[in-house]
Every structure is written in structure tokens, then in C-alpha cells.
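Participant: Next up is a structure, given as C-alpha cells.
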Amino acid sequence: MNEILSGMEKLKGVPRLLLEVELQPVQGDRFQPTGFPDLGAAIYEKPDGTRMILVESSQSIANRLEQTCLEGSGPGIAQELAGLPYITARLAGAVGTETSSLVEAHRINSPFIITNKGFKEAFKKRAGYEKGKPLNWKTIAEAFFFYDPNSLLHGAFMANLEDGRVKVQRALSGFIEAEGIREAASGGVKNNPLDPTGKIRVVGYDKDVYGNVPYHRMEFTSDRIVAYFNFDLALLDGYGLEPEAKKLLVALGLYKVRRFLDSGLRLRTACDLAQKDGIRVMAPEGFTIPDEKRLLEVIQKSIQVCAEKNLFADPPVTVLEADVIRKETEEGTKPTAGTDLEEEEMES
């Protein structure tokens, strides 16, 4: 433990922790990149003309890093991280389920959370927030840390809080790109062994989903695939948090990166990647990322210390109630575009 803490001392005064990891397909050479509505694959060129493609976006990497600390698929936190604060919202009415700040887009800004009047006022008071007055980023960061430290790692645009001025950007970001790409075109057929023509249909269901349906598929090969991670330590320093709070955030961020690289690289059915070598620390020079087990030890100790210093909500899980209804929309109506949709791309 002391050896790890001594190593993390090397990060004092360092503005950025920059990491790179070279990846490769676990089998063969082809991979399926991320895609975007009305755009498809994001292909571009470097200044020297090298063809590039975005394999995984920063939005998707943020989602995947968050998932590393969930119990199963969520919305609760993994047992080994018990004591780390977050917020749950029990949804009563049309939907009998619950969600949490760990899985909601923009964390605490979720309407299922921030529209709770009691919580909204408590958050504003702790953050020192008053409409029409300058923002105090130190108390705002302390409020986020108090209720959900993960929000400081992954960001929160509080568009649903009063005038929407509170915006906390991601401290930990990443993306995966491939260089020297080449197309690998293929295709297939969705078979209907009962009736390839598609003329036999269920009464009352006449959508065009019957029969054999041929399709094309575009995958890629590349000279190199690299995952990049940028940990903005200067941003965390700027919040003026307690040293133990920053230590927890740094260890938690590195733990998420380790967990993602060790277990979360099957990005899609046709995009299963593995590390080619280990993590390369590009900056600062001489720093080594502790392994997952040792990082977890630091996190668990820091959770205990932060709780003892009353830096966390007590109990750590803030439980809210939200009455919800089901709003019916006309067939063919698209959801209204907004910040959450733009920031949290739905990628498959």
C-alpha cells in the first residue's frame, strides 16, 4: 500500500496523465467500428494522408468506464466499492423500477433525480448555488463529491438545474482509433425457412420484416489500433478538494481504465479486441499504473477515510422517489434532440 501511495505522489503538480494502449482483434484482422446515425463509420485522414477511423467514441468510452463499477448491469454499485456515494431513484407509477446516478445520462442531472424538490434544494445549498450569483466551483465540486464522486470523473451538464450554468466536464476521457485502414466488404442474408418470398404474414402485423432479406456489411482492417486515455489532473486540482478526495478520484479513475482494458474490450459482436502490449504512460515520465488489486485497496481505504471526514453523504446511497407517467407519442415521431442525446451516443 505504501509503495502505491508513494508512486501516486509522482502525480503531484502533473496537469495530465496520458495513457496509450495498442490493441488488436482477438481473431483474424477485421473489426467493426462504431457508427453514427446519418453518418455511418467515422472515416477521416491525418495531415499526412493516412486513412483513419474512429473505433470507439469518447461518449461510448465514458459509458463503458462507468459500467466497470456496476453490480452486474446496475443500477447499483459493485459490492467491492460499497460505501462510495451515489443516488437511486425509485420510479413509481407507469414504471415499477429504479435507476441511479451511475447509469443515467449526465448523472445527477437526470430528471428522475434533480426534479426531486427535497434533493434539489439540498444540492443547491451544499453547492452554494444561488440563481443570478457567481458560481463557487469549490463548493459545487464538494457537493458532487458528497453525493456522487463519479460525476466528477465523467462530467455532468446540469441543464435541468435552474438556469443550467453548472457544467462539470469529464476529468477522465478516452477514445479508440485505427490508422492505415482498409475496407473489408461482406454481407449475408436473413433467412426465412418457412417462406422466403415473405408472402405469409401474421394477421394484423404487416411490417416489411418477412421473407429472406439480403444485407451488406462493411468491416475494416488496419495497420494499428490504439486506445487513448486523458486524465485531467489539473481539473481535479482546480476544484480545491481535500487531498484524500483527490486521491480517491485518481485511484478510481485508474481502476476503471484497468477494469475496462482487462474485461471490457468486446465492444460489439464483430469488434472483440485485446491488449497487444501493456499500458504505456506517455506523461508523466516514470509513472507506472498500479494493478487492479492494488488500486482497489487504495480506493477502499480512501472510501473509509472520506466517510470519517464527513465528505460523503450518510448513508452513502441517497434514495429518492419519482412518480412517472407514460407519455404516448404519435407513430413515427422522433425524440427531441437535446444535450443528453448528443453527449451519450447510442452505439451498438
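Note that the sequence shown covers residues 0 to 347 in numbering that gives the first Met the number 0.
Where a beta carbon is used, it is the ideal one built from N, C-alpha and C, also for glycine.
Values in this document were obtained by computation on a predicted structure and should not be read as measured data.
(1) What are the boundary residues of the alpha helix (DSSP H) that includes S109?
(2) Could you tell me the boundaries of the alpha helix (DSSP H) in which F219 lies?
(3) By the 10 Å Cβ neighbour count, where 16 or more other Cβ atoms means buried, how is P213 classified, buried or exposed?
(4) What number of angstroms, rounded off, separates the C-alpha of K9 from the C-alpha of K246?
(5) Give the straight-line distance between the Cα atoms of R325 and N115, rounded to the nearest whole angstrom.
(6) Would DSSP call C305 helix, strand or coil?
(7) Measure the C-alpha to C-alpha separation of E343 and N62 and round it to an integer number of angstroms.
(8) Pick helix, strand or coil for T138, following the three-state DSSP scheme.
(9) Tell me the rounded alpha-carbon separation between R89 and P242.
(10) Evaluate N108 with the Cβ neighbour count: other Cβ atoms within 10 Å of its Cβ, from every protein chain shown; 16 or more gives buried, anything less gives exposed.
(11) Can you check whether the CB of R106 is closer than 7 Å to the CB of K47?
(12) Along the beta strand (DSSP E) that carries A312, what are the first and last residues, could you check?
(13) E120 by DSSP, collapsed to three states: which one?
(14) Rank A244, T196, A177 and C68 by C-alpha distance to the C-alpha of F145 and give the top, closest one.
(15) Given that a residue counts as buried once 16 or more other Cβ atoms are within 10 Å of its Cβ, and exposed if not, what is T87?
(16) Hey, would you say Y254 sits closer than 7 Å to F174, going by beta carbons?
(17) Give me the residue from G131, L38, I52 and P14 with the minimum Cα distance to G179.
(18) Would you say the segment 261–272 touches the segment 311–324, given that touching needs at least three Cβ pairs under 8 Å?
(19) Using a Cβ-Cβ cut-off of 8 Å (strictly less than) and excluding sequence neighbours within five positions of V94, which residues of its own chain qualify?
(20) May I have the straight-line CA-CA distance separating E97 from E79, to the nearest angstrom?
(21) Taking Cβ to Cβ, would you say A170 is nearer than 7 Å to L69?
(22) Which class does M345 belong to by DSSP, given the choice of helix, strand or coil?
(23) Quick check: the segment 269–278 against the segment 16–26, are at least 3 beta-carbon pairs closer than 8 Å?
(24) Pull up the DSSP beta-bridge partners for V225, would you.
(25) Could you tell me the alpha carbon to alpha carbon distance between L64 and F259, rounded to whole angstroms?
(26) Taking the C-alpha atoms as reference points, what is the distance between K198 and Y204?
(27) Restricting to runs no shorter than 4 residues, where is the alpha helix (DSSP H) found entirely within the segment 250–284?
(28) Report the residue from A40, F311 and I112 whose alpha carbon sits nearest the alpha carbon of N159.
(29) I'd like the span of the beta strand (DSSP E) that includes A158, first residue to last.
(30) Roughly how many angstroms separate the alpha carbons of K137 and V316, rounded to a whole number?
(31) Looking at the structure shown, is E241 part of a helix, part of a strand, or coil, going by DSSP?
(32) Which two residues bound the contiguous beta strand (DSSP E) that contains I52?
(33) Can you find the residues in the same chain that come closer than 6 Å, C-beta to C-beta, to G252, ignoring five residues on each side of it along the sequence?
(34) Go to S185, then tell me how far its beta strand (DSSP E) extends in each direction, as first and last residue.
(35) In whole angstroms, what separates the C-alpha of R125 from that of L232?
(36) For F35, count neighbouring Cβ atoms within 10 angstroms of its own Cβ and tell me buried if that reaches 16, exposed if not.
Facilitator: Checking against the coordinates, here is how it stands:
(1) S109 -> no alpha helix (DSSP H), and no H or E assigned at all.
(2) Taken as a continuous stretch (DSSP letters only), F219 belongs to no alpha helix (DSSP H), being part of the beta strand (DSSP E) at V212 to T220.
(3) exposed
(4) 12 Å
(5) 18 Å
(6) helix
(7) The predicted position of E343 is uncertain, since its pLDDT is 40 and thus under 50; no value can be drawn from it.
(8) helix
(9) 34 Å
(10) buried
(11) A small fix is needed here, since residue 47 is Asp in this sequence, not Lys. No, these two residues do not count as a Cβ contact at 7 Å.
(12) Here A312 belongs to no beta strand (DSSP E), and DSSP marks it neither H nor E.
(13) helix
(14) A244
(15) buried
(16) no
(17) I52
(18) no
(19) V323 and R325
(20) 21 Å
(21) no
(22) Note that M345 scores 37 on pLDDT, short of 50, meaning its location in the model is unreliable; the coordinates nonetheless yield the value given after this. Reduced to three states, the DSSP call for M345 is coil.
(23) yes
(24) E21 and E176
(25) 6 Å
(26) 12 Å
(27) none
(28) I112
(29) Here A158 belongs to no beta strand (DSSP E), and DSSP marks it neither H nor E.
(30) 22 Å
(31) coil
(32) R50 to E55
(33) L152, L171 and F230
(34) R181 to K189
(35) 24 Å
(36) exposed
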